[in-house]
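Below is one structure, written out as structure tokens; comments come after it.
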Amino acid sequence: MTNTEKALEKEDAGASTSGRVLRKAGRLEHFFDARSRLNLTGYVVVCARYTHTSGTPLSRSILFAALEHTIRNNVVLAARFAPASPDAGVWVALPRVDLNRVVTLVDKDRADLPTLLEEFFAQPVDFSEDMPQWRLVVLRDGTMVFAYDHTVGDGQSGSAFHHNLLASLRSVHDTPSEHSGIVSSLPQDATLTPALEDAIDTTAPFFMLARMAVQSAFPFIDRKKGKAWSGHPLQQPVTLITRVRLLEYTPDQALNLRKVSRDHKATLTSTVHTLALIILSRLIYAQPANKKYKHIHTYIPMSIRRFTGAPPSAICNHVSVHNTYHALFRPAPGPTISEETFPWDRAAALTATLRRKLPKSPREIGLFKYLSGKYTEYLVGRLSKPRTAGLEVSNLGAFPEPPTKEGDDIQWRIEEMFFVQADATLGAAVKVNPVGNAAGGLGISITWGEGAVDDEFAEEFVKAFDEGLRTLAQ
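For the sequence shown, position 163 matches number 703 in this note's numbering, and the numbering has no gaps at all.
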């Protein structure tokens, strides 16, 4: 059975729409659903460590009570995507959510997190019809791993979940003695955040369509493509195996990074992107066979919530992407990175480009219209082609702290956070994912799919990137 046939079989198996239909799904949601059902991508993960001022560990009953409150206020957590073809999928409300099946408590702590995440990413997304499309793994030190199908939400939706859960924990004043774990009798008037295509105009202009048609018919026109590094070819067979490395920076270091970036008309995103290009250039050109490469194609996801009106607490897919070629550094600055030798002109130029491109970025999503619902066929067709990108930098930004009133007794807080994504087969060779935590610190995950690059290459990248960023943060 081919990959296409397997995916269509899964769609048929999950196509039941029994239950209240919340709304029709958008094209971007259909695309993410097709990727997940083909096992081309695993869960998206945002981790946060919760602490109480008393040092009291989080009990099962308090957690379940807070989760019930969170679910009742975010109906997408009690819903599932019911696919149909073409572009006819819908979101369906579940009659109940069994937290005993959704939540897993494990006797591990922060030190075990990279291994735990690698094991978790190796599991395909669970599309059981009686389950929502998210899971929560709770570690003994209060770390919560919120894992969700990309169809449910974008990266910032992971931060939104923790925003909502933290607010719910702070609202639990009478400690429940017990909780069955069953959340039922859900609000019948609850609605989902609109699909991206219903929240903003995503119409792709004619010149974009013409450019894509010409590039598809005459691929040799794209002269940079043949000279762009993108790691190893796409893995066959497809894989979910993902390597995960986690880096942490203190609030002072994070503050210094943001300040030095602003001083040079850059942002944290463009600084991280530029540093990653320096390190990759150094590693790529260290291998004589790679001298032919001159560019690297990179992805930078961009939130468009400011245009759609979706608040920081919303769990939805309101995101677009900036993707383009960047010249590799030849020679690469270094070997020691410093504020004086860092190529701030490249970082500042990227910042200006992202600001200019952001308002028009929704039209990139509009191109999905011209797949005519054939997402599975499109994705399977990509498996026979070279990897598209060598680098992705996806920055979730600062954690959206829930609002408080003067005099509130704040007992629950969030400390460390990490944003981690897999996308092992079709994704960029190397992915760098920063997120700011509520304490002002910074967590960065670096991931790569098994076979996307050599592990030794990736480990050297992680080491040099960490050293470079810490130097800039001094």
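Ideal Cβ positions, reconstructed from N, Cα and C, are used throughout, including at glycine.
From the options, residue whose alpha carbon lies closest to that of residue i
| i | options | result |
| --- | --- | --- |
| S699 | L634, R600, L1009 and V584 | V584 |
| D729 | A574, T928 and N613 | N613 |
| S497 | L705, I986, I819 and L749 | The requested residue 497 does not occur in the structure, where the chain is confined to residues 541 to 1014. |
| G937 | L656, P852 and N640 | P852 |
| D1006 | G980, R895, L815 and T838 | L815 |
| V861 | D573, T593, P875 and T893 | T893 |
| E788 | V972, A867, R895 and R845 | V972 |
| L919 | L578, D689, P873 and T596 | L578 |
| T596 | S720, V784 and G682 | G682 |
| E718 | S576, N640 and D885 | N640 |
| L532 | T591, A962, A867 and R846 | Outside the displayed span of the chain (541 to 1014) sits residue 532, for which this structure offers no information. |
| V637 | V723, L656, S594 and A574 | V723 |
| L786 | S720, S576, V1002 and N704 | V1002 |
| I611 | G849, T655, E669 and W674 | W674 |
| Q887 | K648, H813, E1000 and E608 | Note that residue 887 is Ala in the sequence shown here, rather than Gln. That would be H813, whose Cα lies nearest to the Cα of A887. |
| R798 | H609, A1013, A565 and S843 | A1013 |
| A633 | G566, W884 and P727 | P727 |
| P883 | R846, H609, P943 and I819 | I819 |
| V677 | S668, P841, N704 and D649 | D649 |
| S901 | S810, L966, D741 and P942 | D741 |
| S668 | T809, T811 and A622 | A622 |
| D647 | P942, R680 and V615 | R680 |
| I855 | H804, V586 and R895 | V586 |
| A998 | L780, L823, Y833 and Q776 | L823 |
| L656 | H772, I781 and P777 | I781 |
| Y512 | R846, P871, H835 and G721 | No answer is possible for residue 512: it lies beyond the span of the chain, which begins at 541 and ends at 1014. |
Residue i classed as buried or exposed, judged by whether at least 16 other C-beta atoms fall within 10 angstroms
| i | result |
| --- | --- |
| F746 | exposed |
| Q696 | buried |
| A829 | exposed |
| A553 | Since pLDDT at A553 reaches only 44, below the 50 mark, its modelled position is unreliable, and the value read off the structure follows with that caveat. Exposed, because fewer than 16 other Cβ atoms sit within 10 Å of the Cβ of A553. |
| P791 | exposed |
| E996 | exposed |
| H702 | buried |
| H713 | exposed |
| V993 | buried |
| V960 | buried |
| P635 | exposed |
| I950 | exposed |
| G921 | exposed |
| A1004 | buried |
| S711 | exposed |
| L1009 | buried |
| A651 | exposed |
| M541 | With a pLDDT of only 48 at M541, under 50, the local geometry of the prediction cannot be trusted, and the value read off the model is given with reservation. Counting Cβ neighbours within 10 Å, M541 comes out exposed, since fewer than 16 surround it. |
| A547 | Reliability of the predicted coordinates at A547 is poor, the pLDDT of 47 falling under 50, and no value is obtained from them. |
| A826 | exposed |
| P942 | buried |
| T779 | buried |
CB contact flag (residue i, residue j, <8 Å)
| i | j | result |
| --- | --- | --- |
| Y968 | E990 | Looking at the sequence itself, residue 968 is Ala, so the reference to Tyr does not match. For A968 and E990, no; Cβs fall outside 8 Å. |
| A588 | M684 | yes |
| T733 | R903 | no |
| Y910 | L749 | yes |
| S924 | F869 | no |
| A929 | N863 | yes |
| E946 | N977 | no |
| W631 | A618 | no |
| L931 | T848 | no |
| W952 | Y590 | yes |
| R783 | E659 | no |
| R927 | L774 | yes |
| T715 | A962 | no |
| T1011 | I844 | no |
| A794 | L598 | no |
| V800 | E879 | yes |
| L890 | M842 | no |
| A850 | A739 | yes |
| L907 | T731 | no |
| H609 | S725 | no |
| L607 | L705 | yes |
Interface flag, residue i vs chain B, CB-CB below 8 Å
| i | result |
| --- | --- |
| S934 | Within the model displayed, chain B is absent; a lone protein chain is all it includes. |
Contact test: residue i Cβ vs the ligand PLP heavy atom, cutoff 7 Å
| i | result |
| --- | --- |
| V630 | The model on display carries no ligand, and the ligand PLP is accordingly not part of it. |
**OP:** Write down every uninterrupted run of the alpha helix (DSSP H) in the stretch 625-688 whose length is 4 residues or greater and which is fully enclosed by it, in chain order.
**Re:** 639-642 and 653-661
Original post:
Per the contact definition of three or more C-beta pairs closer than 8 Å, is the stretch 598-615 in contact with the stretch 651-664?
Top reply: no
Original post:
Would the stretch 909-921 and the stretch 611-630 be scored as touching if the rule is three or more Cβ pairs under 8 Å?
Top reply: yes
**OP:** Write down every uninterrupted run of the beta strand (DSSP E) in the stretch 761-844 whose length is 3 residues or greater and which is fully enclosed by it, in chain order.
**Re:** 782-789 and 835-843
Original post:
Three or more C-beta pairs closer than 8 Å, one from the stretch 688-695 and one from the stretch 565-581: is that the case here?
Top reply: yes
Subject >> Cβ contact (3+ pairs, closer than 8 Å) linking the stretch 766-777 and the stretch 641-655 >> reply: no
Original post:
Counting only runs that start and end within the stretch 946-980, where is the beta strand (DSSP E) found for 3 or more residues in a row?
Top reply: 952-961 and 970-976
Subject >> Runs of alpha helix (DSSP H) lying entirely within the stretch 864-900, each at least 4 residues, in chain order >> reply: 884-897
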